[in-house]
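J.:
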Amino acid sequence: MSVFEGQEEGNLGAERFRTLRSRLYQIASTRTVRKLLITSTLPAEGKTFVVANLAQSILRQPERRLLLIDGDLRASRLHLCFGAQRSPGLADYLAGEADIYSVLQKDEDSNLCLLAGGREVSNPSELLLNTRLKGLLDQVTPLFDWVILDAPPALPVHDASIIADHCDGVLFVVRAGVTDCDVASKASMDFQGKNLLGAVLNRVERGLGYGGYYYSYPAGDGTGK
């Protein structure tokens, strides 16, 4: 679901993503943040929704070039947000079965490129650990203003932490009224020292005192505390 599609420019959901975009640019003005990983504690907290809408917010600025990478090789869904093909994608590239030119999908109407998850695989962690992931990011990052990776939830598997080693910053998506605070804190511990920038509180209902549907805050010291 897009908060921008068919909505007035001043709608609350779109405005929250503009605020998130602005805060990311503020952080990027003080340190290098071009490769951004977005994850969550558990499934169904809305991380892919946040990735897709943050991307649309960034692309509304002139001349911004953006690459989205679906790093959730266990439950690839990012391609569905853009009506794109799932394969060939990241899994095919990491397995050495496709080159970079065959896996990148370009949106004809914007400066958006997508690297979908690719075919289903039985060994996603092993693929993410091989050197081809770092080589891929080293190759594509200079071509874009932002490279945003949609990673698996942090608690069930270790994949997000593996990918975070190659990124400049991490955002945690937390679903309001669903995610237990202690569980989220436990999940964030895995990203100590990996540039945890902050959290995005998703699915906040009106009247709960959070000021809208979406709220983000920088972690400040990078520890996520």
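Okay, so the sequence shown: first residue is 28 according to this note's numbering, each after it adds one. Using N, Cα and C, we set each Cβ at its ideal position, and we do this for glycine too.
Within the continuous beta strand (DSSP E) that includes Q219, where are the two ends?
T.: Looking up residue 219 in the sequence shown gives position 192. Premise fails: Q219 is in no beta strand (DSSP E) and is neither H nor E.
J.: What's the call for A246, buried or exposed, on a 16-neighbour Cβ count within 10 Å?
T.: Numbered from its first residue, the sequence shown carries residue 246 at position 219. Reliability of the predicted coordinates at A246 is poor, the pLDDT of 38 falling under 50, and no value is obtained from them.
J.: For G196, list the residues DSSP reports as bridge partners.
T.: Here residue 196 refers to the residue found at position 169 when the sequence shown is read from its first residue. BP columns for G196 point to L63.
J.: Indicate whether S114 and G145 have their beta-carbon atoms separated by less than 8 Å.
T.: Counting from 1 along the sequence shown, the entry for residue 114 is found at position 87. Counting from 1 along the sequence shown, the entry for residue 145 is found at position 118. Their beta carbons are under 8 Å apart, which means S114 touches G145 by this criterion.
J.: Whose C-beta lies closer than 6 Å to the C-beta of R92 among residues of the same chain, with five residues either side of it excluded?
T.: Taking the sequence shown and counting its residues from 1, the one referred to as residue 92 is at position 65. Hits under 6 Å: N138, F171 and D172.
J.: Just to check my reading of the structure: V197 and F218 have Cβ atoms closer than 8 Å, yes? What is that Cβ distance to the nearest angstrom?
T.: As a working note, residue 197 is residue 170 in the sequence shown. As a working note, residue 218 is residue 191 in the sequence shown. Indeed they touch by this definition, with Cβ atoms about 5 Å apart.
J.: Count the other CB atoms, across all protein chains shown, that sit within 10 Å of the CB of T66; report buried if there are 16 or more and exposed otherwise.
T.: On the sequence shown, position 39 is the one that residue 66 refers to. When all chains shown are included, T66 counts as buried.
J.: Taking the C-alpha atoms as reference points, what is the distance between A41 and L107?
T.: Looking up residue 41 in the sequence shown gives position 14. Looking up residue 107 in the sequence shown gives position 80. Looking at the two C-alpha atoms, the distance is approximately 20 Å.
J.: Along the alpha helix (DSSP H) that carries D119, what are the first and last residues, could you check?
T.: Here residue 119 refers to the residue found at position 92 when the sequence shown is read from its first residue. First-last of the alpha helix (DSSP H) with D119: L117 to L121.
J.: Between which residues of its own chain and A82 is the CB-CB distance below 7 Å, once the five residues before and five after are set aside?
T.: Walking along the sequence shown from the start, residue 82 turns up at place 55. If we look at A82 and ignore the five residues flanking it on each side, its Cβ neighbours are L93, L95, L139 and I175.
J.: Kindly list the residues whose CB is nearer than 6 Å to the CB of T250, restricted to its own chain and excluding five residues on each side of it in sequence; keep chain order.
T.: Here the question's residue 250 lines up with position 223 in the sequence shown. Interpretation of T250 is limited by its pLDDT of 30, a score under 50 that renders its predicted location unreliable; no figure is taken from the coordinates.
J.: Going by DSSP in three states, R43 sits in which element: helix, strand or coil?
T.: Here residue 43 refers to the residue found at position 16 of the sequence shown. Helix.
J.: Work out the CA separation of F109 and D136 for me, nearest whole Å.
T.: What you label residue 136 is simply residue 109 of the sequence shown in a count that begins at 1. What you label residue 109 is simply residue 82 of the sequence shown in a count that begins at 1. Their Cα atoms are separated by approximately 12 Å.
J.: I need the straight-line Cα distance from P105 to P169, nearest angstrom please.
T.: As a first step, residue 105 must be located in the sequence shown, where it is residue number 78. As a first step, residue 169 must be located in the sequence shown, where it is residue number 142. Rather than Pro, the amino acid found at residue 105 in this sequence is Leu. Going by the C-alpha atoms only, they are around 23 Å apart.
J.: Would you tell me roughly how many angstroms separate the C-alpha atoms of D248 and A55, rounded to the nearest one?
T.: Indexing the sequence shown from 1 puts residue 248 at position 221. Indexing the sequence shown from 1 puts residue 55 at position 28. Here D248 scores only 35 on pLDDT, less than 50, and its place in the model should not be relied on; the value that follows carries that caveat. Those two C-alpha atoms are separated by around 14 Å.
J.: In three-state DSSP terms, what is L170?
T.: Along the sequence shown, read from residue 1 onward, the residue named residue 170 stands at position 143. L170 falls in the helix class under three-state DSSP.
J.: To the nearest angstrom, how far is it from the Cα of E72 to the Cα of Y128?
T.: As a working mapping, residue 72 is identified with position 45 in the sequence shown. As a working mapping, residue 128 is identified with position 101 in the sequence shown. Whole-angstrom Cα-Cα distance: 32 Å.
J.: Just to confirm my understanding: we take R45, look at its own chain, exclude 5 residues before and 5 after, and list those with CB closer than 6 Å. What are they?
T.: For the purposes of this step, residue 45 is identified with residue 18 of the sequence shown, where counting begins at 1. Excluding residues within five positions, the ones whose Cβ falls inside 6 Å are S84.
J.: Less than 8 Å between the beta carbons of V200 and N229, yes or no?
T.: Within the sequence shown, numbered from 1, the residue matching residue 200 stands at position 173. Within the sequence shown, numbered from 1, the residue matching residue 229 stands at position 202. Yes.
J.: Which residues share a DSSP beta bridge with Q132?
T.: Position 105 of the sequence shown holds residue 132. BP columns for Q132 point to L141.
J.: Cutting at 6 Å between CB atoms, please list the residues of its own chain near Y120, excluding the five before and the five after it.
T.: Translated into the one-based positions of the sequence shown, residue 120 becomes position 93. Same-chain partners within the cutoff: V130.
J.: Between which two residues does the alpha helix (DSSP H) carrying L155 extend?
T.: If you number the sequence shown from 1, residue 155 lands on position 128. P151 to L156 is the span of the alpha helix (DSSP H), which, as asked, contains L155.
J.: Give me the Cβ distance between T59 and D195, rounded to the nearest whole Å; I'm assuming they're in contact under 8 Å.
T.: Reading the sequence shown from its first residue, position 32 is the one you call residue 59. Reading the sequence shown from its first residue, position 168 is the one you call residue 195. Yes, T59 and D195 are in contact; Cβ-Cβ is about 5 Å, under 8 Å.
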